[in-house]
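Colleague:
Protein chains: 2
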Amino acid sequence: MAATLKKLHSDFSVDCVVFGFDEGELKILLIDRNEAPFKEWKAIPGNLVAKSEDIDHAASRVLYELTGLKDVYQEQLYTFGKVNRHPQGRVITVAYYSIIRRTEDGLHPMSSFAREAYWWPANDLPKLAFDHNEIAEKALQRLREKILVEPIGFELLPKEFTLTQLQHVYEAITGEDVDKRNFRKRILGSDLLKQLNKKQAGVAHRAAYLYTFNEKKYKKLKNQGMIFGI
Amino acid sequence: MAATLKKLHSDFSVDCVVFGFDEGELKILLIDRNEAPFKEWKAIPGNLVAKSEDIDHAASRVLYELTGLKDVYQEQLYTFGKVNRHPQGRVITVAYYSIIRRTEDGLHPMSSFAREAYWWPANDLPKLAFDHNEIAEKALQRLREKILVEPIGFELLPKEFTLTQLQHVYEAITGEDVDKRNFRKRILGSDLLKQLNKKQAGVAHRAAYLYTFNEKKYKKLKNQGMIFGI
DNA sequence: GCAAAAGTGTTAACTTTACACCCATGT
DNA sequence: ACATGGGTGTAAAGTTAACACTTTTGC
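If you read the sequences in order, they're chains A and B.
Under my numbering, the first residue of the first sequence is numbered 29, with each subsequent residue one higher.
Under my numbering, the first residue of the second sequence is numbered 29, with each subsequent residue one higher.
Printed below as a string of C-alpha cells:
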C-alpha cells in the first residue's frame, strides 16, 4: 500500500480540535477522510499550511471551511512532530482547539472536505487517523485545565442560558458533580452574569431564568489581572 | 542585504529557552550568532530539525550541544509560524523550555555554535534575533504559571539547598515577596523535602539546614493526582 | 395532584494571612 | 559586641463544603 502513495516533502499542517456541547455532552467535530492515507477513517479536521500563510491563519481557514464560522477564538494546543506520524512524508502538525457555540441552525460547511463532519462524544472517540487520538486527548486535557481558570463554559452554550445548563457544562467537562447552591453562589458572585427578564418556555417544570455572560466586563477585569476560577 | 542570503525552503527549527538561577536571579541562556541572518545579534539557541529527527529529539540535541547535559526534562512551549519570521525562507520554529540546575563546574558546551553562550537576566533581556523576544516572553509567562502548580523551584538549585534559597527562587520567578514563616509551613507541609544532617558552612551568620527534594515521592503522589501548589 | 427541575441560607471545617522575637555564627 | 540571616507559633479573617426544603410549571 505505502508504495502507491505519492511522497510529500517536508511540510507542516494544522489540525483543529473543535469542541461543542449538545445533548448534555461535550462533543468534538470529526470528519470522514475520503483520501489516502487513512481513507475512510475518522479524523480531526486539518490541512496543509500554504507556503505564504501564517499558521494561525491556516487554522482559522480550516475552521471556516468546516463550519462557516469566522472570528472564532482559537488557541494553539501543541505541535506533533514524530518523524513517522504521516506515512507519506515528514509532516509535522500544529494542533489548535476552539470552542463553538451551539446555534439553532447548525453548521454551514464551506468546503467539500467537510461534507461528512459531525459531532462525536468527546469522551468516547473512535480510533482516529494518524496520531489524532493523541491530539484529541491533549485537547481534552487542556480544556479541563482551562475551565478551572477561564469562563469557557459560556462559549459552549447559546447566548442565553440557564444556570443549570451552565452547571451541566462544567460537570461534563470536569467529570465531577457540583453542589447546585455552591455553584450558583460562585458563578453569580463573580458578577459576570446578567439575569434577563425572561424565562425558559415550554418546559414541564418551573421555568428557569435566562442569563447572559458579560464578556466585555470579563475582558476588562481580566486585563486588570483578575482570574476567574470556578 | 536580503539579496545576498541564500534561500531555504519550507522548514522547521527548534529553539530552546534554558532557565537557570544564579546570583539570586532568574537567567536565560543566550548565544551570540556568528552567521547571517542576524549575525552578531544575541539569540535563543536553536537549530533546524533534521528530516529524520523527531522534534523532541532535536530539542534535546540542541540543549546537549549547548550545555553538555543529557536527560534534561524539556517541555514544548509554543510554535511560532508567522510567514516572515525568518528572512531567508519559510521556517516555523517549535520552542521548548527547560530548567537546569546550577552546578559548581558550570556548563560544558559540545559544539562550536555555543562558544559564546552565557546567562542573561531573564527580566532584562536585550533585543534578540528573529522573534526571539516573543519566544522568551512566552517562556517566562509559562514558567510563572508553572511554578504555582509544580515544584520546579528545586530544579534551579543545587541538590542540597536551604529554605531561604528556595524562597528566593520563588520570589524571583513570581516577582512577589513571600512571608518566611508561611512559606516554610507550606513547603514543609507538602512533606516532599528531607532535612539533612548538614548545615551551610562558611556563612557569617547562623548556618541554615540543608534540604533535598524527594523527587520519587513527588512523582508517586503526582501520579495519584496530587497537585503541588505553592 | 404529581412529577420535575428551580430556587434559596446557614453552619462547621478548613485555609490563608498577618505578624515579632530570640538564636547561631563570623568578623 | 555587632551584624546578618535562621528559625519558630498563634489568632483573626476569609474561603470552601456540606446540607434540605419550598416553589413553579406542565401534564
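Cβ atoms here follow ideal geometry from the backbone N, Cα and C, with glycine treated the same way.
These figures come from a predicted structure and were not determined experimentally.
Mapping DSSP to helix, strand and coil, what is V122 of chain B?
Modeller: Reduced to three states, the DSSP call for V122 of chain B is strand.
Colleague: Taking only beta-carbon atoms, is K166 of chain B less than 7 angstroms away from chain A?
Modeller: Chain A, which has no Cβ nearer than 7 angstroms to the Cβ of K166 of chain B, makes this no.
Colleague: If contact means a Cβ-Cβ distance below 7 angstroms, which residues of the region 180-201 of chain B contact chain A?
Modeller: Going along the region 180-201 of chain B in chain order, one finds no residue with a Cβ nearer than 7 angstroms to chain A.
Colleague: Which whole-angstrom value is the C-beta distance of V77 of chain A and S126 of chain A, which I expect to be below 8 angstroms?
Modeller: The pair is not a contact, with the Cβ atoms about 17 angstroms apart (cut-off 8 angstroms).
Colleague: Residues in the same chain with beta-carbon distance under 7 angstroms from D50 of chain B, minus the five sequence neighbours each way, listed in chain order, please.
Modeller: Closer than 7 angstroms at Cβ, skipping near neighbours: R130, W147.
Colleague: For a quick check, are the C-beta atoms of I180 of chain B and V122 of chain B less than 7 angstroms apart?
Modeller: No.
Colleague: With a floor of 4 residues, list each alpha helix (DSSP H) that falls wholly inside the region 140-201 of chain A, ordered by position along the chain.
Modeller: Qualifying alpha helix (DSSP H) stretches, in chain order: 160-175.
Colleague: If we call anything under 7 angstroms between Cβ atoms a contact, is I59 of chain B one with P73 of chain B?
Modeller: Yes; because the gap between Cβ atoms is below 7 angstroms, this pair is in contact.
Colleague: Mark A31 of chain A as exposed unless 16 or more other C-beta atoms lie within 10 angstroms of its C-beta, in which case mark it buried.
Modeller: Low confidence applies to A31 of chain A: its pLDDT is 42, below 50, so where it sits in the model is not reliable enough to give any reading.
Colleague: How big is the Cα-Cα spacing for L135 of chain A and E188 of chain A?
Modeller: For L135 of chain A and E188 of chain A, the distance between alpha carbons rounds to 19 angstroms.
Colleague: Do you know whose CA, among A:Y239, A:L185, A:E103, lies nearest G52 of chain A's CA?
Modeller: Measuring from the Cα of G52 of chain A, the nearest candidate turns out to be A:L185.
Colleague: Can you give the Cα-Cα distance for R113 of chain B and F211 of chain B, rounded to whole angstroms?
Modeller: Taking the straight line joining both Cα atoms gives about 43 angstroms.
Colleague: Can you find the residues in the same chain that come closer than 7 angstroms, C-beta to C-beta, to D99 of chain B, ignoring five residues on each side of it along the sequence?
Modeller: Counting only Cβ-Cβ distances below 7 angstroms, and skipping sequence neighbours, we find nothing.
Colleague: Can you pull the chain A residues whose beta carbon is under 7 angstroms from the beta carbon of Y106 of chain B, in chain order?
Modeller: What Y106 of chain B touches in chain A: Q104.
Colleague: For chain B, is any of its Cβ atoms less than 7 angstroms away from the one on R118 of chain A?
Modeller: Output row for R118 of chain A: interface = yes.
Colleague: Is it buried or exposed for H196 of chain A, if we count other Cβ within 10 angstroms and need 16 for buried?
Modeller: The residue is buried, with at least 16 neighbouring Cβ atoms inside 10 Å.
Colleague: Taking the straight line between their C-alpha atoms, what separation do you get for G48 of chain A and P65 of chain B?
Modeller: The alpha-carbon atoms of G48 of chain A and P65 of chain B are separated by roughly 44 angstroms.
Colleague: Classify G117 of chain B: buried if its beta carbon has 16 or more other beta carbons within 10 angstroms, exposed otherwise.
Modeller: G117 of chain B should be labelled exposed.
Colleague: Under three-state DSSP, which class holds G203 of chain B?
Modeller: Reduced to three states, the DSSP call for G203 of chain B is coil.
Colleague: With distances taken Cα to Cα, identify the nearest neighbour of L168 of chain B among B:A200, B:M138, B:T192.
Modeller: Ranking the options by Cα distance to L168 of chain B, first place goes to B:A200.
Colleague: Tell me whether the region 157-164 of chain B and the region 213-230 of chain B touch, counting them as touching only if at least three CB pairs, one residue from each stretch, are closer than 8 angstroms.
Modeller: In short, these stretches do not touch, since the Cβ pair count stays below three.
Colleague: Go through its chain and collect everything with a Cβ distance to G96 of chain B's Cβ below 6 angstroms, but skip five positions before and after it.
Modeller: If we look at G96 of chain B and ignore the five residues flanking it on each side, its Cβ neighbours are H136, M138.
Colleague: Quick check: K70 of chain B and P154 of chain B, are their CB atoms within less than 7 angstroms of each other?
Modeller: Yes.
Colleague: In its own chain, which residues sit with a C-beta less than 7 angstroms from the C-beta of Q193 of chain A, not counting the 5 before and 5 after it?
Modeller: For Q193 of chain A, where only same-chain residues beyond five positions count, the Cβ hits under 7 angstroms are L185.
Colleague: With DSSP collapsed to three states, give me the class of T32 of chain A.
Modeller: Residue confidence for T32 of chain A is low, a pLDDT of 47 falling below 50, so the modelled location carries little weight; the figure read from the coordinates is stated next. Helix, per DSSP.
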